[in-house]
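0 is the number of the first residue of the sequence shown in numbering that gives the first Met the number 0; add one for each residue after it.
All C-beta atoms in this analysis are idealised placements derived from N, C-alpha and C, irrespective of residue type, glycine included.
The model shown is predicted, which means the values in this text are computed figures rather than measured ones.
Here the structure is laid out as structure tokens; the discussion comes afterwards.
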Amino acid sequence: MDTPPSHNTRSSRRKTPSQIASQLSSPIPSPSPAPAIPRRAPNHTAAGAAAPRNTPYLPTPTELALVAGYPLLLLFGALFSLVSPETRAAPYDVFKQAHSQDPALAPSYFARKDNLLNVLFVKRGWAWVTVAFFAFALTHPAVVSATQRGRAAVRWGLVTLWWVFVTQWFFGPAIIDRGFRWSGGKCEVVENKVEEGEGLGKGDFVTAAACKAYGGRWSGGHDISGHVFLLVLGSGFLVQEVVWVAARWGRGGRGEERLAAVVVVLSGWMLLMTAIYFHTWFEKDFSSLSRDCTLFILFPGSIAAQNAPTNLPELVRSAFNSAKTSGALNYYPTQVALLDVNSVPFQLRFSPALANKPKASPGSDATTKPIDPFDNPAPDLLIAPLPPHHILVLNKFAIVPEHFILATRVFKPQTHLLEADDLAATYACIEAYHRYHETQVETSGAGTGELFAFFNSGAHSGASQPHRHVQLLPVDRMRDGLDGHERSGASRWDVLADRLVDGEEGNGDAALRVPFRTFAARIAPGMDGRALLGVYLGLYKAAEKEMGAGVRLLDGMGAWRGGRGSEREREREWEEGEARISYNLAITRDVMVLLPRVAEGAEIVTEESGQPVGVLALNGTVLAGTALVKSREEWEVLRAHPERAVELLGKIGLPVVQRPLGSPLLSPRSEGFKQFARSWNTGGWEEG
């Protein structure tokens with residue numbers, strides 16, 4: 000799939016990343032502020048590339064398809080009622096918005112209000128929705144923590160309250176009845192009684208039930224379809240709470256899933272019957288629209304790629320074991336030793352089997368089109384889709400067990416900047432591992448449940464595949480081979496990235512002790528893709544500036560300062576999104592770290608002869624504190640002389656020369672971070 004870790008090669012006015020970085024609270028000298036650059040969502044040139052989701056309040060393609068299904072179903076019902084000879088010929092009461100209820104005259108059994116599904120299912124519709132929801136929430140293994148169940152119950156309570164307000168009671172008459180009266184509707188029997196002088200006020204009968212009980216009927220006004228509202232709201236709620244969760248869980252056939260599916264299917268069928276035989280098209284579409292607004296307020300972004308399967312560790316473990324058994328995956332066991340890199344524990348792994356890894360023949364590049372391993376991956380390597388824009392696949396050449404990859408569905412360049420969806424999907428996987436461990440720790444009592452993610456970009460980063468992908472490693476499996484004190488003692492190995500943010504919430508000065516310059520920021524659960532993107536761009540532009548790559552658009556385009564060139568040309572420069580430096584990005588649950596690269600590796604030489612015995616090549620796993628060698632000579636030299644490892648690590652990036660060049664701290668509690676987050680989420684830094 001990918002090569003082993005040591006050889007892996009929006010429409011709003013907002014400041015560019017250069018300008019964002021210039022205003023972050025960090026020790027880096029800030030460049031002069033520049034004018035805001037109109038920026039649009041990235042527009043990649045790859046055919047078929049899907050537009051990124053810029054905000055969780057805009058629907059994904061999956062959500063759009065779901066939402067479109069309701070009005071399409073209503074439209075189909077309306078058209079059917081027009082073309083069906085039986086429906087057109089049947090008597091229709093315009094006041095009741097229904098066909099004749101006489102069995103001999105009704106065009107269908109379902110055109111009668113006394114049909115069993117209407118009486119037993121629709122009239123008790125919210126009770127069925129509630130039973131299906133709680134049967135799932137209280138028993139399904141995908142919803143096991145008290146926090147998950149509590150939040151689900153709150154959402155059910157809010158949706159139920161809205162259903163009560165619309166159809167049952169809203170500090171008096173329900174919103175449906177109030178809307179009918181406000182739009183000019185009336186109860187005809189009340190009008191007649193008033194005209195006859197019986198002294199009944201028009202306000203005495205303001206609900207449909209009261210009007211019907213007195214022998215009257217509604218006339219005029221806009222009658223919101225309570226049936227449509229209930230059926231669409233209930234089925235939509237179950238889709239959000241049950242269907243997507245069950246689909247991500249990856250195992251079908253449980254009883255609670257079937258019950259919810261039956262309720263959703265019956266709701267769809269009765270919605271179609273209502274569309275054919277009852278109400279006007281405007282009343283039905285208005286009710287459907289009301290439901291859509293409700294669910295998008297309560298469930299922003301709930302179907303987006305930001306949600307990974309809740310049992311992701313199980314899926315990865317099962318897929319890895321199956322692929323390893325079948326031979327679809329190559330696993331390379333390693334020996335491990337801990338090196339002291341300026342008092343920072345650093346893993347050195349040795350795998351002689353890697354020397355036998357399949358390689359392309361020298362002349363194959365000229366005659367054979369390179370294979371994209373993420374374009375229609377082998378079924379044995381596919382873990383799960385991650386809608387709407389990503390897939391999860393196993394690394395075909397694994398050094399660490401259960402090493403897997405998040406790749407874009409359609410081709411996007413590895414050398415381009417990451418997008419909000421990429422970062423949100425990555426963090427969703429990290430959170431899925433963490434939450435799964437929280438639910439399992441009482442029974443297993445082992446491991447941390449953490450995930451280390453890294454991204455390689457550029458010629459010196461160790462990236463080997465041009466198709467955009469982020470690699471993910473279970474931290475517990477990265478500890479395989481370490482002995483007891485190396486796992487838990489004073490000199491234990493921990494993920495390096497988590498130690499590279501110093502200051503008020505850090506745990507040391509590892510950022511100064513590693514021999515390369517890093518840029519780090521704290522992140523936290525609850526940050527969406529847009530917030531993560533803002534942190535990432537701030538780190539990237541700070542690194543780009545330190546690398547001397549220049550500021551995009553300002554120095555490289557005379558059109559910008561001299562006024563030549565269209566604004567669209569300036570926008571296109573940013574939309575292309577190609578990174579100007581090589582770098583590695585690491586993401587854990589708490590930290591995002593960026594390492595600018597100047598070399599992929601360096602030669603390992605012997606102490607005695609000074610002759611090279613190999614090359615230590617490094618990718619993003621260096622930010623976890625690991626390195627890999629393929630020959631015993633390399634292994635022996637670095638184990639015997641850890642200071643050589645320090646020298647080699649110092650050659651891959653910018654040197655750390657003094658305290659002001661330490662990792663800038665962007666703490667969520669710092670004023671600089673708060674200012675940055677506010678600016679990013681509201682559309683950009685204010686001028687002046």
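Start-to-end residues for the beta strand (DSSP E) that takes in residue i
i	result
Val590	Val590 to Arg596
Pro312	It is not in any beta strand (DSSP E) - Pro312 instead sits in the alpha helix (DSSP H) that spans Leu311 to Ser325.
Glu602	Gly600 to Val604
Val628	Thr625 to Val628
Ser224	Ser224 -> no beta strand (DSSP E), and no H or E assigned at all.
Ser581	Ser581 to Ile586
Ala616	Pro611 to Ala616
Separation of residue j from residue i, as counted between CA atoms
i	j	result
Glu449	Gln346	18 Å
Ala131	His139	11 Å
Ile404	Leu71	37 Å
Gly528	Glu430	13 Å
Leu538	Thr309	30 Å
Ser317	Gly76	45 Å
Gly254	Ser321	27 Å
Ala424	Ala406	10 Å
Ala103	Pro376	59 Å
Val315	Leu393	8 Å
Ala532	Ala541	Checking the sequence shown, residue 532 turns out to be Leu, not Ala. About 14 Å.
Ala105	Ala97	10 Å
Phe228	Ala307	30 Å
Asn618	Thr324	28 Å
Arg177	Val231	21 Å
Asp493	Asp482	13 Å
Lys629	Thr333	10 Å
Gly480	Gly149	40 Å
Ala151	Val241	10 Å
Asp101	Tyr91	11 Å
Asp420	Leu648	32 Å
Trp161	Ala260	23 Å
Arg516	Ala134	53 Å
Arg344	Val66	With the sequence shown as reference, residue 344 is identified as Pro, and Arg is not the correct amino acid for it. Answer to the nearest angstrom: the Cα atoms are 52 Å apart.
Glu577	Trp181	56 Å
Ile36	Ser463	Since pLDDT at Ile36 reaches only 30, below the 50 mark, its modelled position is unreliable, and the value read off the structure follows with that caveat. C-alpha separation (whole angstroms): 33 Å.
Asn583	Leu653	13 Å
Leu594	Ala623	12 Å
Met546	Leu536	15 Å
Ala427	Arg434	10 Å
Leu337	Gly68	57 Å
Val142	Leu311	13 Å
Arg596	Asp475	27 Å
Gly235	Trp155	12 Å
Thr129	Ala88	39 Å
Glu313	Thr447	15 Å
Leu81	Leu422	49 Å
His640	Ser350	19 Å
Ile522	Glu543	21 Å
Lys395	Thr625	20 Å
Leu353	Glu437	35 Å
Leu258	Leu270	18 Å
Integer-rounded CB distance, given that residue j should sit under 8 Å from residue i
i	j	result
Thr159	Trp125	7 Å
Val614	Gly600	5 Å
Phe410	His466	5 Å
Ile398	Phe79	So it is not a contact: roughly 60 Å between Cβ atoms.
Leu472	Val590	That pair is no contact at about 15 Å.
Gly461	Ala616	6 Å
Element boundaries [alpha helix (DSSP H), containing residue i]
i	result
Thr333	Looking at the DSSP string, Thr333 is not in any alpha helix (DSSP H), and its letter there is neither H nor E.
Leu160	Ala145 to Thr166
Phe515	Note, Phe515: premise wrong, no alpha helix (DSSP H); not H, not E.
Arg631	Arg631 to Ala639
Val343	Segment Val343 to Phe349 is the beta strand (DSSP E) holding Val343; no alpha helix (DSSP H) there.
Met706	Missing from the structure shown is residue 706; the chain here goes from 0 to 687 and no further.
Short CB-CB distance (under 8 Å) between residue i and chain B
i	result
Val66	Of the protein chains in the structure, only one exists, and it is not chain B.
Per the contact definition of three or more C-beta pairs closer than 8 Å, is the stretch 449-456 in contact with the stretch 377-390? no
Uninterrupted alpha helix (DSSP H) stretches inside the stretch 69-143 (no shorter than 4 residues): 84-88 and 124-138
Decide yes or no for the touch test of the stretch 625-637 against the stretch 602-611: beta carbon pairs closer than 8 Å, at least 3 of them. yes
Note down, one range per segment and in chain order, each beta strand (DSSP E) of at least 3 residues found wholly within the stretch 380-415. 381-385, 389-393 and 403-407
In chain order, each beta strand (DSSP E) run of at least 3 residues that lies wholly inside the stretch 447-480: 450-456 and 468-473
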